[in-house]
Amino acid sequence: MSGSSIKVGVVGCGAVAQYGHLPAILAEPGLELAAVCEVDPDRLAQVAASTGARPYRSLDELAAADLDALVITSPAPLHEEHITWAAGQGLPVLCEKPLTLDEAGSVRAIEAMEEAGRPLYVGFTYRFAPAALDIHRLIREGAIGEPRALRLIYLWDLHGAYADREQHTGVNERREGRIAEGGPMIDCGVHQLDLARWWLGGEPVPTSVVGISVEGRTVPDHIVAHLDVDGCQVMVEISIGYGHTAPRTLPSYSYEVIGSEGVLRYRREEREFVAIGRDGIRELAWSPEKSFDGMYAAFARALAGDPADSLPTGRDGLIATQLATAITQRAAR
Ligand SMILES: NC(=O)c1ccc[n+]([C@@H]2O[C@H](COP(=O)([O-])OP(=O)(O)OC[C@H]3O[C@@H](n4cnc5c(N)ncnc54)[C@H](O)[C@@H]3O)[C@@H](O)[C@H]2O)c1
């Protein structure tokens, strides 16, 4: 595989494929979007028309597509089946999070890819934001000394409680689905847990967890977890209940890395990214918190034979989901 001959297929062409994966694959010169596979015929026709990729209605049909790699953006309950199919075809895989619905399924999927001798990557897009890459580099350069504490906060409402936010009518089924699948730490917090592992280069151990249901349900929609990573104290606060009744979304997204010699501070809504140290405040280049383009540039390089850089593997996906599940179980007690 080399250059523009790397042919990629995408299975499952719903929300995240359409706003994230498909545009990024089309924009990456090292990749060719050769095939899209989708069970909804109208959606398949629309995506094939807008991308120019060949349409396939099922994996059985996709087997004839002569691909070099498969991107899996189908619903989470299908990920194990789709990864196993790719392993059988001998295709490298980039799969959306969560890798699978449970630990046993993730282990089976990882082993199938290992037996096929093909790489399995998981779509932790937050690692590829320029600001996240800068934090990774600055920590390693000692820009803030020894990291002592890390705070990762993501408070939002998953598009609100209602189908119509202004009229307060109907139910936001997408948000209900994410609550049913395990709630905010499993849906979104896996990204924060992955960043903590990657930035600090160690394994987080939960030390205390608090779960709150701002709506008064039995499952928490707002979780605060404290974890220890080799002596660095990590706090992840994550919510899908923050302002859920408001007529418009009011999110709050930030990172703070507090070191022995300084602080790195990233605030999405304020578009602020600074290093605070002995010399005062140094402005850093702000960027959005995730990057599909950066992820596909890394994917293309890896498929072309370069080292896989910062691409998160199936095992990274498994560990983040194990942590998120353990935290969620403690939060629900
Ligand atoms: N990394 C991120 O920022 C991010 C954001 C949103 C969603 N996600 C993850 O991406 C995955 C997909 O989420 P979504 O919101 O796009 O879901 P979605 O329901 O909008 O899209 C899934 C698509 O898969 C199709 N599909 C279902 N079964 C199929 C099959 N057997 N073969 C082919 N296509 C099939 C559906 O028709 C649908 O179009 C989930 O795992 C979700 O957690 C990640």
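Here the sequence shown is numbered in our numbering, starting from 130 and rising by one per residue.
Cβ coordinates follow ideal geometry from the N, Cα and C atoms, glycine included.
TODO: Taking 7 Å as the cut-off, decide whether the C-beta atoms of A238 and E210 are in contact.
DONE: Here the question's residue 238 lines up with position 109 in the sequence shown. Here the question's residue 210 lines up with position 81 in the sequence shown. E210 is positioned such that its CB atom lies no closer than 7 Å to that of A238.
Task: Boundaries of the beta strand (DSSP E) in which S389 is found, first to last residue - done: Position 260 of the sequence shown, counted from the first residue, corresponds to residue 389. Looking at the DSSP string, S389 is not in any beta strand (DSSP E), and its letter there is neither H nor E.
- [ ] Go ahead and pull the three-state DSSP assignment for C142.
- [x] For this step, residue 142 is matched to residue 13 along the sequence shown. Here DSSP, grouped into helix, strand and coil, assigns C142 to coil.
TODO: Counting only the same chain and skipping the five closest in sequence on each side, list residues whose C-beta sits under 7 Å from that of E319.
DONE: Taking the sequence shown and counting its residues from 1, the one referred to as residue 319 is at position 190. Reading off the sequence, residue 319 comes out as Val, not Glu. Taken in chain order, the residues that qualify are K226, P227, A449, T450 and A453.
TODO: Using three-state DSSP, classify L362 as helix, strand or coil.
DONE: For the purposes of this step, residue 362 is taken as the residue at position 233 of the sequence shown. A quick correction: the sequence has Gln, not Leu, at residue 362. The three-state reading of DSSP puts Q362 in strand, counting E and B together.
Open item on the list: Measuring only the C-alpha atoms, how far is I268 from G274?
Closed with: Sequence index remark: in the sequence shown, residue 268 carries index 139 (1-based). Sequence index remark: in the sequence shown, residue 274 carries index 145 (1-based). Cα to Cα, I268 sits roughly 8 Å from G274.
Task: Own chain, CB closer than 7 Å to Y283, minus 5 neighbours either side, in chain order - done: Locating residue 283 in the sequence shown gives position 154, counting from the first residue. Cβ within range, chain order: C317, Q321, I367 and Y382.
- [ ] Tell me whether H351 is buried or exposed, calling it buried when 16 or more other Cβ atoms sit within 10 Å of its Cβ.
- [x] The count along the sequence shown starts at 1 and reaches residue 351 at position 222. Answer is buried; the Cβ neighbour count reaches 16.
Open item on the list: Among the candidates V137, A245, A205 and W328, whose CA atom is the shortest distance from the CA of T213?
Closed with: Taking the sequence shown and counting its residues from 1, the one referred to as residue 213 is at position 84. The shortest C-alpha separation from T213 is found at A245.
Task: Host beta strand (DSSP E) of Y283 (start-end) - done: Here residue 283 refers to the residue found at position 154 of the sequence shown. It spans P276 to L284 - the beta strand (DSSP E) in which Y283 sits, taken as one unbroken run.
- [ ] Flag A178 as yes when its Cβ comes closer than 6 Å to any non-hydrogen atom of ligand 1, and as no otherwise.
- [x] Here residue 178 refers to the residue found at position 49 when the sequence shown is read from its first residue. Ligand 1 never approaches A178 closely enough for any of its heavy atoms to be under 6 Å from the residue's Cβ.
Task: Close beta carbons around I315, own chain, < 8 Å, minus the five adjacent residues each side - done: Locating residue 315 in the sequence shown gives position 186, counting from the first residue. Hits under 8 Å: P227, T450, A453, T454 and T457.
TODO: Go to G446, then tell me how far its alpha helix (DSSP H) extends in each direction, as first and last residue.
DONE: The residue given as residue 446 occupies position 317 in the sequence shown. Start and end: G443 to A461.
- [ ] Please look up how many angstroms separate the CB atoms of H297 and T378, rounded, as I've assumed it's under 8 Å.
- [x] Translated into the one-based positions of the sequence shown, residue 297 becomes position 168. Translated into the one-based positions of the sequence shown, residue 378 becomes position 249. Not a contact, Cβ separation roughly 15 Å.
Open item on the list: As a quick exercise: from S337, L188, L393 and K419, pick the residue whose alpha carbon is nearest that of M138.
Closed with: As a position in the sequence shown, residue 138 is number 9, starting the count at 1. As written in the sequence, residue 138 is Gly, which differs from the Met given in the question. Each of S337, L188, L393 and K419 was checked against the Cα of G138, and the nearest Cα belongs to L188.
- [ ] Tell me where the alpha helix (DSSP H) around F428 begins and ends.
- [x] Along the sequence shown, one-based indexing puts residue 428 at 299. Here the alpha helix (DSSP H) through F428 covers F421 to L432.
TODO: Using only the heavy atoms of ligand 1, determine whether one of them is closer than 6 Å to the beta carbon of P221.
DONE: Here residue 221 corresponds to residue number 92 of the sequence shown, with the count starting at 1. Proximity of the beta carbon of P221 to ligand 1 is not indicated: no heavy atom of the ligand is located closer than 6 Å.
Open item on the list: Helix, strand or coil for I273? Go by DSSP, reduced to three states.
Closed with: Position 144 of the sequence shown holds residue 273. Coil, per DSSP.
- [ ] Decide if the region 334-351 is in contact with the region 248-265; the criterion is three or more beta carbon pairs, one per stretch, under 8 Å apart.
- [x] With the rule of 3 Cβ pairs closer than 8 Å, the region 334-351 does not count as touching the region 248-265.
TODO: Take S203 and list the residues in its own chain whose beta-carbon comes closer than 7 Å to its own, dropping the five residues that flank it on each side.
DONE: As a first step, residue 203 must be located in the sequence shown, where it is residue number 74. By the criterion of a C-beta distance shorter than 7 Å, S203 is surrounded in its chain by V140, G141 and H211, once the five residues flanking it on both sides are discounted.
Task: Top-ranked residue by Cα proximity to P221, from S235, P206, D197 and L230 - done: As a first step, residue 221 is located in the sequence shown; it is residue number 92 there, counting from the start. Cα-wise, what sits closest to P221 is D197.
- [ ] Would you tell me roughly how many angstroms separate the C-alpha atoms of L249 and A461, rounded to the nearest one?
- [x] By one-based count along the sequence shown, residue 249 stands at place 120. By one-based count along the sequence shown, residue 461 stands at place 332. Inter-residue distance for L249 and A461 is about 32 Å (C-alpha atoms, whole angstroms).
Task: Any non-hydrogen atom of ligand 1 closer than 6 Å to T202 Cβ - done: Locating residue 202 in the sequence shown gives position 73, counting from the first residue. Relative to ligand 1, T202 has its C-beta within less than 6 Å of a heavy atom.
Task: Which of helix, strand or coil DSSP assigns to F257 - done: Counting from one through the sequence shown, the residue named residue 257 turns up at place 128. If DSSP states are grouped into helix, strand and coil, F257 belongs with the helices.
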